[in-house]
DNA sequence: GTTGCGAATTAGAATTATTCTAATTGGGTG
DNA sequence: CACCCAATTAGAATAATTCTAATTCGCAAC
């Protein structure tokens, strides 16, 4: 069921009226700013920073403030609709890809999603004693990706 | 050979006169500040932040500046004597453990080293196409560790 | 329909880790 | 001993993020 909802979330890019629904289903009160921010993340899947999201949503919502963008992103992350990705000391990037995956950070600044087979996370989990409560596993590659 | 040097680096906590040697072997000009900073990291393996290192080394070197601590840490990281560990937006932590390993970030702020079998990094590497040039793989667990 | 309420939004100030700048010091070499 | 370059220093600057306090919004009760 949750899987279905997530799938909807990821495929509802072209269904603006569904976005409010998805937010509500995840316990997020759907305000117009939250819808705009979430919709922007769904439409361009390139791991934007808060500033970049701010620039993008301004076109649709010219009065939105940067603080609100931060607030909306935090709420979305808190409710597992969006993932926050941190790399070194660079600004946090945001990602609407809900499937478990790793990130590759190119030396030129690009960030790519890397699919992870489900078993890999379990193997990693297996490195820890059973009495550890693991909430999240993060895998980051760093290097140089082929030019195209 | 490199492995032997690393082992020396890790076991020379009690051999202050060896620290300069280890730095030099890694291409780092051994200044007294660098020796103090590196020695501090070797002695207390608890992933301190730059500020914490600053506080610790002040006892031995009361005139050292925070900028120098940052400089020394950067040099040590650049020359692979120390690893910089970033987690979420928290201040960078530093780690003199040279063996490949992952990190567990406790919700109370503790950071633990987690041993990784060599094969695990290779498996992770295998998720990427061959034409990716991988410089580093970072694995971070987040959750709650047993109280003691 | 108006009023009231709590949550959300806003603008701008504040915070904080880190980096930068410019001046000083220091250690090794000629 | 003098020189030179790298390292160090103090403090200012930067930049991402968070905080604050005031305003606005949307809905529910009346």
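Residue numbers (my numbering), protein chains in the order written: chain A, 1 to 148; chain B, 1001 to 1148.
Even glycine gets a Cβ: it sits at the ideal position worked out from N, Cα and C.
Given the structure is predicted, the values throughout are model-derived calculations rather than measurements.
Check: Is it the case that the Cβ atoms of residue 1121(B) and residue 1112(B) are separated by a distance below 9 Å?; Outcome: no
Check: Between the region 75-88 of chain A and the region 49-59 of chain A, are three or more C-beta pairs nearer than 8 Å?; Outcome: no
Check: For the region 1073-1099 of chain B, list every residue whose C-beta sits within 9 Å of some C-beta in chain A, in sequence order.; Outcome: 1084, 1086, 1087, 1088, 1089 and 1092
Check: Roughly how many angstroms lie between the CA atoms of residue 42(A) and residue 1098(B), to the nearest whole one?; Outcome: 40 Å
Check: Please confirm whether residue 102(A) has its beta-carbon closer than 9 Å to some beta-carbon of chain B.; Outcome: yes
Check: When you compare the region 1129-1140 of chain B with the region 132-148 of chain A, are there three or more beta-carbon pairs, one atom per stretch, that lie closer than 8 Å?; Outcome: yes
Check: From this set, 92(A), 33(A) and 117(A), which residue's C-alpha is nearest residue 68(A)'s C-alpha?; Outcome: 33(A)
Check: Would you kindly work out how many angstroms separate the C-alpha atoms of residue 1095(B) and residue 1040(B), rounded to a whole number?; Outcome: 11 Å
Check: Please compile the residues from chain A whose C-beta is within a distance smaller than 9 Å of the C-beta of residue 1058(B).; Outcome: Ordered by position in chain A, no residue passes the 9 Å Cβ test against residue 1058(B), which lies about 24 Å from the chain.
Check: Just how far apart, CA to CA, sit residue 35(A) and residue 90(A)?; Outcome: 26 Å
Check: With distances taken from CA atoms, which of 1115(B), 1126(B), 1023(B) and 1081(B) is nearest residue 125(A)?; Outcome: 1115(B)
Check: Using three-state DSSP, classify residue 1066(B) as helix, strand or coil.; Outcome: helix
Check: Is there a C-beta anywhere in chain A that falls below 9 Å from the one on residue 1110(B)?; Outcome: no
Check: Give the range of the alpha helix (DSSP H) segment to which residue 1036(B) is assigned.; Outcome: 1032-1043
Check: For residue 1139(B), which of helix, strand or coil comes out of DSSP?; Outcome: strand
Check: Contact defined as beta carbons within less than 8 Å: I believe residue 82(A) pairs with residue 92(A). What is the distance between those atoms, to the nearest angstrom?; Outcome: Wrong, their Cβ atoms sit about 11 Å apart, outside the cutoff.
Check: Exposed or buried, what is residue 73(A) when buried is set at 16 or more other beta-carbons lying within 10 Å of its beta-carbon?; Outcome: buried
Check: Per DSSP, which residues does residue 93(A) bridge with? Please list them.; Outcome: 49(A) and 85(A)
Check: Looking only at its chain, what residues have a beta carbon closer than 6 Å to the beta carbon of residue 149(A), apart from the 5 residues adjacent to it on each side?; Outcome: Examination of residue 149(A) is not possible in this model, given that chain A is present from 1 through 148 alone.
Check: Let me know if residue 66(A) comes out buried or exposed under the rule of 16 or more other beta-carbons within 10 Å of its beta-carbon.; Outcome: exposed
Check: Is residue 18(A) helix, strand or coil by DSSP?; Outcome: helix
Check: Three-state secondary structure (DSSP) at residue 1005(B)?; Outcome: Note that residue 1005(B) has pLDDT 47, beneath the 50 cutoff, so the model's placement of it is unreliable and the number below is only indicative. Here residue 1005(B) sits in helix by DSSP.
Check: Verify the CB distance criterion: does residue 71(A) have a CB-CB separation below 9 Å to chain B?; Outcome: no
Check: Could one say the Cβ of residue 1012(B) lies closer than 9 Å to chain A's Cβ atoms, at least one of them?; Outcome: Model confidence at residue 1012(B) stands at a pLDDT of 48, short of 50, so the residue's coordinates are unreliable; what they give is reported in the following sentence. Judged by the 9 Å Cβ criterion, residue 1012(B) is not in contact with chain A.
Check: Measure the alpha-carbon distance for residue 1029(B) versus residue 136(A) and round it to whole angstroms.; Outcome: 40 Å
Check: Residues of chain A with CB closer than 8 Å to the CB of residue 1132(B), please, in chain order.; Outcome: 104, 141, 143, 144, 145 and 146
Check: So the candidates are 15(A), 27(A), 21(A) and 46(A); which of them puts its Cα closest to the Cα of residue 106(A)?; Outcome: 46(A)
Check: So is residue 44(A) in contact with chain B if we call contact Cβ pairs under 9 Å?; Outcome: no
Check: For residue 1134(B), which three-state DSSP category applies?; Outcome: strand
Check: From the DSSP output, which residues share a beta bridge with residue 1104(B)?; Outcome: 1112(B) and 1141(B)
Check: Which residues in the same chain have their Cβ closer than 8 Å to the Cβ of residue 24(A), if we skip the five residues on either side of it in sequence?; Outcome: 30
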